[in-house]
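Down below is the structure, laid out as structure tokens.
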Amino acid sequence: MRVAAFPKCYIDEISHGQMSLFEWIEQAQTLDVDGLELYERFLPSTDVTFLDQVGDALQRHGFEMPMLCCSPDFTHPDAGERQRAVDREMEMIAVARHLGGPGVTCRVLSGQRHPGVTDEQGIAWVLEALDRLLPVARQHDVVLAMENHYKDGNWRYPEFAQRPEIFRHIVDAVQDRDHFGVQFDPSNAIVAGADPVDFLRTVADRIVSMQASDRYLEEGHSLAEMREADGTLGYSPHLKHGVVGRGLNDYDEIFRILRAVGYDGWISIEDGLNGLEEMAESVRFLRAKISQYPAPPEGASDFVSAAAPTALADGEDRS
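In structure tokens form, the structure reads like this:
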């Protein structure tokens with residue numbers, strides 16, 4: 001497994017031009033990572049000249065670009081908006097290949113949970129969009145990675161496929177395993193009201209990339225009190241970001257499952273809200289886990305799929 005970093009601490013500054021992408025690449029040299037995950041809003045231009053400058057900066061500082069984070073909205077009620085989302089994602093597929101080379105992953109989401117859009121209609125629109133995108137992904141040899149997500153910072157509504165059953169319905173409907181898979185984020189499973197380990201078991205054979213973050217509850221609060229009527233949590237002010245390995249996620253079991261299914265891809269740390277030193281601690285934690293759980297011999301697997309994801313027990317702490 002290889003480790004990348006995503007600067008959640010600087011996402012607004014870079015997106016709004018208050019900090020340049022090149023400044024972040026320079027700062028990231030202090031981290032023991034192999035690559036930097038980029039976000040589509042970090043790129044003020046998709047002109048080849050600019051992209052080459054980004055690629056040169058990455059290479060000069062010893063980084064790869066393994067993952068491009070995109071947030072298409074395929075569930076918008078307006079057909080024109082859905083078309084623009086597909087067109088933008090097609091453009092980002094080409095950008096991902098330009099910066100990352102063959103086999104790079106490009107994130108896709110389902111879209112927002114727009115009022116009035118039924119589960120059936122939203123699923124149909126997402127699958128229609130993926131059907132149009134997959135030939136482009138194959139052409140560029142890019143892997144579309146659908147993340148179990150909560151909400152892009154520019155969105156008004158949460159993720160349409162936040163609930164595990166809807167996410168699985170979409171993933172299971174896509175048969176292509178070469179250019180489509182799952183980007184697993186254990187903390188987003190918590191926000192969706194699911195047990196991250198149980199959720200991982202149901203999608204482990206489709207994992208193509210992973211986000212690593214962690215959440216912890218402020219003292220005196222429980223997950224039960226934050227659940228909405230549909231079982232999801234959202235970004236409660238009492239559910240905090242922290243150093244990977246110190247929160248609610250059971251990373252020992254996560255690594256056991258990933259190794260059992262032969263996953264040996266990238267893990268991108270989504271951290272740093274409390275400073276780069278915390279991100280550095282997260283890197284050290286993940287490096288230790290990768291060493292603790294080496295890849296099994298080729299062909300070996302003791303993975304057994306579990307039933308559908310279940311919610312965390314009230315007040316359960318996986319620290």
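Take full-length UniProt numbering: the last position of the sequence shown gets the number 319, and nothing is skipped along the way.
Note that beta-carbon positions come from the ideal geometry of N, C-alpha and C, so glycine has one too.
Being a predicted model, the structure only gives us computed values, none of them experimental.
Alpha helix (DSSP H) containing residue i: first to last residue?
i, result
"Ala-48", "Position check: residue 48 holds Val in this sequence, whereas Ala was assumed. Segment 48 to 60, the alpha helix (DSSP H) holding Val-48."
"Leu-273", "Run containing Leu-273: none; DSSP gives neither H nor E here."
"Ser-187", "186 to 191"
"Pro-164", "164 to 173"
"Met-65", "No alpha helix (DSSP H) holds Met-65; DSSP gives it neither H nor E."
"Met-210", "Here Met-210 belongs to no alpha helix (DSSP H); instead the beta strand (DSSP E) covers 207 to 212."
"Arg-156", "Element bounds for Arg-156: n/a, residue is neither H nor E."
"Val-86", "79 to 100"
"Gly-122", "119 to 140"
"Asp-252", "251 to 260"
To which residues of the same chain is residue i closer than 6 Å at the C-beta, ignoring the five residues directly before and after it?
i, result
"Ser-291", "none"
"residue 320", "With the chain covering 1 to 319 only, the question about residue 320 has no answer from this structure."
"Leu-197", "Here residue 197 turns out to be Val, not Leu, going by the sequence shown. If we look at Val-197 and ignore the five residues flanking it on each side, its Cβ neighbours are Asp-250, Glu-253."
"Phe-63", "Gly-35, Leu-36"
"Ala-129", "Phe-74, Val-86"
"Met-19", "Tyr-10, Glu-13"
"Pro-102", "Asp-141"
"Gly-111", "Asp-73, Phe-74, Thr-75, Phe-160"
Using only the alpha-carbon positions, how far apart do residue i and residue j sit?
i, j, result
"Pro-7", "Asp-56", "19 Å"
"Leu-43", "Ser-187", "26 Å"
"Ile-269", "Arg-132", "30 Å"
"Arg-246", "His-98", "36 Å"
"His-149", "Arg-259", "23 Å"
"Pro-164", "Gly-262", "23 Å"
"Asp-73", "Ser-282", "31 Å"
"Asp-314", "His-61", "Low confidence applies here, because Asp-314 scores a pLDDT of 36, under 50, leaving its location unreliable; read the following figure in that light. When rounded, the distance between both Cα atoms is 46 Å."
"residue 320", "Ser-213", "Outside the shown range of the chain (1 to 319) lies residue 320, about which nothing can therefore be said."
"Leu-286", "Glu-89", "30 Å"
"Trp-24", "Trp-155", "24 Å"
"Leu-248", "Tyr-216", "6 Å"
"Tyr-293", "Arg-206", "20 Å"
"Gly-275", "Glu-26", "16 Å"
"Phe-167", "Ala-288", "31 Å"
"Ile-93", "Gln-83", "15 Å"
"His-16", "Arg-41", "8 Å"
"Ala-307", "Val-203", "Low confidence applies to Ala-307: its pLDDT is 40, below 50, so where it sits in the model is not reliable, and the reading given next is rough at best. Taking the straight line from one Cα to the other gives about 11 Å."
"Ala-189", "Ser-209", "15 Å"
"Glu-120", "Phe-22", "43 Å"
"Phe-255", "Gln-211", "13 Å"
"Cys-70", "Ala-194", "24 Å"
"Tyr-39", "Ala-79", "25 Å"
"Asp-52", "Ile-257", "38 Å"
"Val-108", "Gly-100", "16 Å"
"Glu-81", "His-169", "23 Å"
What residue range does the beta strand (DSSP E) around residue i cover?
i, result
"Leu-109", "No beta strand (DSSP E) holds Leu-109; DSSP gives it neither H nor E."
"Glu-147", "143 to 147"
"Pro-72", "Unbroken run through Pro-72: none, as it is neither H nor E."
"Arg-2", "2 to 7"
If residue i and residue j are in contact, beta carbons under 8 Å, what's the gap, nearest whole angstrom?
i, j, result
"Ala-5", "Trp-266", "Between Trp-266 and Ala-5 the Cβ distance is about 11 Å, and since that is not below 8 Å, they are no contact."
"Glu-37", "Pro-66", "7 Å"
"Met-146", "Val-171", "6 Å"
"His-241", "Leu-200", "Between Leu-200 and His-241 the Cβ distance is about 20 Å, and since that is not below 8 Å, they are no contact."
Who are the near neighbours of residue i in its chain, counting only those whose CB is closer than 8 Å to its CB and skipping five residues on each side?
i, result
"His-179", "Leu-134, Ala-137, Arg-138, Asp-141, Val-142, Val-143, Leu-144"
"Ala-280", "Thr-30, Leu-31, Asp-32"
"Val-243", "Asp-214, Asp-271, Glu-278, Glu-281, Ser-282, Phe-285"
"Ala-28", "Ala-5, Pro-7, Leu-36, His-61, Phe-63"
"Gln-59", "none"
Using a Cβ cut-off of 8 Å (strictly closer), state whether residue i contacts chain D.
i, result
"Trp-266", "No chain D appears in the structure shown, which is made up of a single protein chain."
Report all residues from its chain with a CB closer than 7 Å to the CB of residue i; omit the five preceding and five following residues, and keep chain order.
i, result
"Asp-264", "Met-1, Ala-295"
"His-114", "Thr-75, His-76, Pro-77, Tyr-157"
"Glu-91", "Thr-46"
"Val-54", "Leu-21, Leu-99"
Contact the region 5 to 14 vs the region 181 to 199: 3+ CB pairs below 8 Å: no
Given 8 Å, three or more beta-carbon pairs between the region 284 to 299 and the region 42 to 62: no
At least 3 beta-carbon pairs within less than 8 Å: the region 159 to 179 vs the region 29 to 36: no
Cβ contact (3+ pairs, closer than 8 Å) linking the region 124 to 143 and the region 151 to 159: no
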